[in-house]
Amino acid sequence: MSFDQEDATFVVVVNDEEQYSIWPQHKPVPEGWQSVGVEGDKATCLAHIEQVWTDMRPKRLRQAMEA
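Counting from 1, one number per residue, gives the positions in the sequence shown under the UniProt record's numbering.
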């Protein structure tokens, strides 16, 4: 399976720095990442990420800049 397969099923994952990605549903989520409970085809998952990930800076950088 490839990330290029538009008809594959993916899950949306997030890491401790609040950075988002997609991951193939049939594979274990990598260490340091967790599922956010959204799954579907690639377009659905990417649309969710586009909606919720509005600040691309890592969490620590955002916090440092706000301090």
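Don't be surprised by glycine CBs; every beta carbon is placed ideally from N, CA and C.
Note that the structure is predicted; figures quoted are calculated from it, not measured.
According to the neighbour-count rule (16 or more other Cβ atoms, all chains shown, within 10 Å of its Cβ), is V29 buried or exposed? exposed
What separation, rounded to the nearest whole angstrom, lies between the Cα atoms of K42 and N15? 19 Å
For E31 and V13, I'd like the C-alpha separation in whole angstroms. 11 Å
C-alpha distance - R60 paired with V11, whole-angstrom precision: 24 Å
Enumerate, from N- to C-terminal direction, the unbroken beta strand (DSSP E) stretches of 3 or more residues contained entirely within the stretch 4-42. 10-15, 20-24, 33-40
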